[in-house]
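Chemist: Residue numbers (our numbering): 2 to 276.
One structure, as structure tokens, below. Some questions next.
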């Protein structure tokens, strides 16, 4: 889709402001957190808008991958503490099930990629942890500084961090509150790519296009099985193979599976239908 088309970039409104923007780029949806003057700190409007944007991306049949990034010089500065100090909620009032920023507990079957274009501490890092993949600008950093404010990383930070990196490294990050530079985040496996300054979104879009070129049903089933079996015990257990067998029944009998074999035999690019 031509991104110069006004229909390709639409506001996902929340509480009277454009808290997030949704842009459709062919098979990739870009969700942009859109409070640049507040470093994209999360208030109720942003949570509502970002969650609505994810729902739109989830329901669009042509969208195969979702990229989440921030407007301006920050990815996300976490919760808007000024709003919290005023006694205002910062979640999406009608969808508390979506979690922090409308993202942290919002399951989307399609792969999600965080394009960390800048500052991303606290809740910003928790959004990154909620995404399947992550690309970070070489000048950016991650971290969970909540303990320095008498809090803890309750939007998934202390749940997901140790599932994605070694335990002692996770505890150091959670207990010291110190930032994690981009290079260290890559070494730990918190991110998949470190992008040259100013190119995080472009690199993330390149990664998204590689995924979007694959069969969408196969990609979504792979994501689901990886997440469901990650902490399910031994890979010799019957339960994990039951989950795998369910995926086999869904994917291997699909039209896309037949198309993949046919395209290979005919030496052409496959034409995926997502079924």
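Every residue, glycine too, gets a C-beta built ideally from N, C-alpha and C.
Let me know the secondary structure DSSP gives residue 61 once reduced to three states.
Modeler: In this structure, residue 61 counts as coil in the three-state DSSP scheme.
Chemist: At what residue ranges does the segment 138-217 contain a whole run of the alpha helix (DSSP H), taking only runs of 4 or more?
Modeler: The segment 138-217 contains these whole alpha helix (DSSP H) runs: 158-165, 168-177, 183-189, 201-213.
Chemist: To which residues of the same chain is residue 75 closer than 8 Å at the C-beta, ignoring the five residues directly before and after it?
Modeler: Excluding residues within five positions, the ones whose Cβ falls inside 8 Å are 37, 40, 41, 118, 119, 120, 121, 125.
Chemist: From 131, 49, 223, 95, pick the residue whose C-alpha is nearest to that of residue 156; which is it?
Modeler: Comparing Cα-Cα distances from residue 156 to each of 131, 49, 223, 95, the minimum goes to 131.
Chemist: Between residue 180 and chain C, is the shortest Cβ-Cβ distance under 8 Å, so that the two count as touching?
Modeler: No chain C appears in this structure, which consists of one protein chain only.
Chemist: What's the call for residue 83, buried or exposed, on a 16-neighbour Cβ count within 10 Å?
Modeler: Exposed.
Chemist: Which term fits residue 151, buried or exposed, when burial requires 16 or more other beta carbons within 10 angstroms of its beta carbon?
Modeler: Label assigned to residue 151: exposed.
Chemist: Output yes or no for whether 8 Å exceeds the beta carbon distance between residue 115 and residue 129.
Modeler: Going by C-beta atoms, residue 115 is nearer than 8 Å to residue 129.
Chemist: Which class does residue 253 belong to by DSSP, given the choice of helix, strand or coil?
Modeler: Looking at residue 253 - three-state DSSP - the assignment turns out to be coil, as it is neither helix nor strand.
Chemist: What are the partner residues of residue 69, as DSSP defines its beta bridges?
Modeler: Bridge partners of residue 69: 32, 115.
Chemist: Check whether the Cβ atoms of residue 139 and residue 195 sit closer than 8 Å, and answer yes or no.
Modeler: It is a contact, given that the beta carbons lie within the stated cut-off.
Chemist: Along the alpha helix (DSSP H) that carries residue 83, what are the first and last residues, could you check?
Modeler: Taken as a continuous stretch (DSSP letters only), the alpha helix (DSSP H) holding residue 83 covers 82-86.
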